[in-house]
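Below: the structure, in structure tokens.
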Amino acid sequence: MSTRLADSLWPACLSALHLDRFLAGELDELAARRVRQHVLACSRCAGAVEGMRAARDEPLPPLRVVPLAPRARRWPRAAAAGIALAAAASLLLVVRTPGERPKGSGVGLRMYVEHGGEVRSAVPGEVIAPGDAVRFAVTTPKKAYIAVLSLDAEGRGSVYFPLGARAEAVEPSGEVALPLGTRLDATVGEERIVGVFCSSPVELEPLRIQLERGIALAPEGCQVTRWSFVKR
Amino acid sequence: MTLDAAAIERLYRSHGHAVLRRARLLLGNEADAQEALQEVFAALLRAPQDLRSAGSALGWLYRATTHFCLNQLRNRRTGARLLQQSVAPAFGAASGPSPEALAELRNLLARMPADAAAAAVYHHLDGMTHAEVAEMLGCSRRQVGYLLERAQRSLEHLEQSA
Chain W
0 MSTRLADSLW
10 PACLSALHLD
20 RFLAGELDEL
30 AARRVRQHVL
40 ACSRCAGAVE
50 GMRAARDEPL
60 PPLRVVPLAP
70 RARRWPRAAA
80 AGIALAAAAS
90 LLLVVRTPGE
100 RPKGSGVGLR
110 MYVEHGGEVR
120 SAVPGEVIAP
130 GDAVRFAVTT
140 PKKAYIAVLS
150 LDAEGRGSVY
160 FPLGARAEAV
170 EPSGEVALPL
180 GTRLDATVGE
190 ERIVGVFCSS
200 PVELEPLRIQ
210 LERGIALAPE
220 GCQVTRWSFV
230 KR
Chain C
0 MTLDAAAIER
10 LYRSHGHAVL
20 RRARLLLGNE
30 ADAQEALQEV
40 FAALLRAPQD
50 LRSAGSALGW
60 LYRATTHFCL
70 NQLRNRRTGA
80 RLLQQSVAPA
90 FGAASGPSPE
100 ALAELRNLLA
110 RMPADAAAAA
120 VYHHLDGMTH
130 AEVAEMLGCS
140 RRQVGYLLER
150 AQRSLEHLEQ
160 SA
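Here the protein sequences line up with chains W and C, keeping their order.
For the first sequence, numbering that gives the first Met the number 0 assigns the number 0 to the initial residue and increments by one for each residue that follows.
For the second sequence, numbering that gives the first Met the number 0 assigns the number 0 to the initial residue and increments by one for each residue that follows.
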């Protein structure tokens, strides 16, 4: 670019990627030695490396999405072993949108909590600690496009599942553990959970916005389940 | 490269700072940068095979961060909000680009063709050579030159129409 935007937006002569690779130990010995020698003689690159090193000292927040994929079947099973499923059935709070589905459609949402390495099935209103991991399991008698959204105590809406922009297909297969868990942040108070079961892959951003604005979710062609937990 | 869940957590601890630093630079907003950090690693958790096939973990993270942040900038709602906000310089006001230049660049990136915007980010914001940009985009150096020319033309067109 010949305009002012092209003027040195990156302050060093070695690229950010090259310096990141150097700091991360990704470069081979010869390349790393060249960088070390260059940085000793170049104040601009030395400044960039110093800034990058300082940034690496900053503590990162916990990884919010918990890597639980290899344990996909173990979560519900582990919880089921210790908890009477008859009692847990009361968790499935199905709210049908009038006229959209016949009675007895049987969709449901259940939440599991990992605290201190132990997994338990949660009940509505359950008290959960910041930093615990939660994971959802769904039941649907036929293929449905599913999403799990939340509204925290500060009014922030977020999509727990899926990661993409639209609800994701789940085939009927008893209770299905959704593939990713979520590590809870430090926001305390009541958090409302909404499970959406749809006949098509609905866009989720409009639903998240509705949730934040306090509009009851009732997307066309969908059933909605609701419950909440308390974080403290 | 073995990428089980524990390996991805370790990668987050060791390389997350680079993602966060670039997301701050590209998005200019702390909350959105934190969201980008989480989303990039969430994508990795979902498809770890993408990283297995990449030559460099940092290269993959750079690509994923660029892709996510440019999408955010293009999102009309997010973009409008971001462009109205002040920005945080990458390494302090003394050594980094000015907040005004970054805000203007974000505005332009949001309106450029996707491939030209990515090339412009790598070359102008990350200081990559044409060869490095070519490796990131999986294209030839000649193609990089073409994309940067295209970015330049977009920039001139947008400046003339402003």
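Note that CB positions come from ideal geometry on N, CA and C, so glycine has one too.
This structure is a prediction, so every number in the text was calculated from the model and none was measured.
Short CB-CB distance (under 9 Å) between residue i and chain C
| i | result |
| --- | --- |
| W/L59 | yes |
| W/E113 | no |
| W/A23 | yes |
| W/H17 | yes |
| W/A11 | yes |
| W/R20 | yes |
| W/S149 | no |
| W/A54 | yes |
| W/L8 | yes |
| W/P178 | yes |
| W/S172 | no |
| W/M51 | yes |
| W/L62 | yes |
Secondary structure of residue i, DSSP reduced to three states
| i | result |
| --- | --- |
| C/G58 | helix |
| W/I214 | coil |
| C/T128 | coil |
| W/F155 | Checking the sequence shown, residue 155 of chain W turns out to be Arg, not Phe. W/R155: coil per DSSP, three-state reduction. |
| W/T139 | coil |
| C/R152 | helix |
| C/T65 | helix |
| W/C235 | Since the displayed chain W opens at 0 and closes at 231, residue 235 of chain W lies outside it and no answer follows. |
| W/E202 | strand |
| C/E134 | helix |
| C/A109 | coil |
| W/L62 | coil |
| W/R119 | strand |
| W/R231 | coil |
| C/E8 | helix |
| W/V48 | helix |
| C/V143 | helix |
| W/W9 | coil |
Burial state of residue i (16 or more Cβ within 10 Å)
| i | result |
| --- | --- |
| W/R207 | buried |
| W/M0 | Because the pLDDT of W/M0 is 41, which lies under 50, any placement of that residue in the model is unreliable, and the number read from its coordinates should be weighed accordingly. W/M0 comes out buried. |
| C/S153 | buried |
| W/P218 | buried |
| C/T65 | buried |
| W/L29 | exposed |
| C/L124 | buried |
| W/T186 | exposed |
| W/I214 | exposed |
| W/G194 | buried |
| W/A121 | buried |
| W/Q36 | exposed |
| C/A113 | exposed |
| C/E131 | buried |
| W/G16 | Reading the sequence as shown, one finds Leu at residue 16 of chain W and not Gly. Result: buried. |
| C/S55 | buried |
| W/S14 | buried |
| W/G220 | exposed |
| W/G130 | exposed |
Minimum Cβ-Cβ distance from residue i to chain W less than 9 Å
| i | result |
| --- | --- |
| C/E29 | no |
| C/R45 | yes |
| C/S55 | yes |
| C/H129 | no |
| C/G15 | yes |
| C/S40 | According to the sequence as given, residue 40 of chain C is Phe; it is not Ser. Yes, C/F40 counts as interfacial toward chain W. |
| C/A22 | no |
| C/L72 | no |
| C/D114 | no |
| C/D49 | no |
| C/Y11 | yes |
| C/G58 | yes |
| C/L101 | yes |
| C/R126 | For clarity, residue 126 of chain C is Gly in the given sequence; the question names Arg instead. C/G126 counts as touching chain W. |
| C/H156 | no |
| C/Q37 | yes |
| C/H123 | yes |
| C/L104 | yes |
Near the ligand SAM: residue i beta-carbon under 8 Å from a heavy atom
| i | result |
| --- | --- |
| W/R182 | Absent from the structure shown: the ligand SAM. Ligands present: none. |
request  = Inspect the CB distances between the region 98 to 115 of chain C and the region 28 to 47 of chain C and report whether three or more fall short of 8 Å.
outcome  = Fewer than three Cβ pairs drawn from the region 98 to 115 of chain C and the region 28 to 47 of chain C lie within less than 8 Å of each other, which leaves the two stretches out of contact.
query = Per the contact definition of three or more C-beta pairs closer than 8 Å, is the region 113 to 131 of chain W in contact with the region 216 to 229 of chain W?
reply = With a cut-off of 8 Å, the region 113 to 131 of chain W and the region 216 to 229 of chain W count as touching, because enough Cβ pairs lie within range.
Contact between the region 141 to 157 of chain W and the region 17 to 25 of chain C (3+ Cβ pairs under 8 Å) = Cβ pair count under 8 Å is below three, so no.
query = If you pair each beta-carbon of the region 158 to 176 of chain W with each one of the region 192 to 202 of chain W, do three or more pairs fall below 8 Å?
reply = Result yes; three or more Cβ-Cβ pairs closer than 8 Å.
task = Please confirm if the region 167 to 176 of chain W is in contact with the region 149 to 159 of chain W, defined as three or more CB-CB distances below 8 Å between the two stretches.
result = With the cut-off at 8 Å, the region 167 to 176 of chain W and the region 149 to 159 of chain W do not touch.
message = Quick check on the DSSP output: what are the complete beta strand (DSSP E) runs of length 3 or more inside the region 160 to 197 of chain W, in order along the chain?
response = The region 160 to 197 of chain W contains these whole beta strand (DSSP E) runs: 167 to 169, 174 to 176, 180 to 182, 188 to 197.
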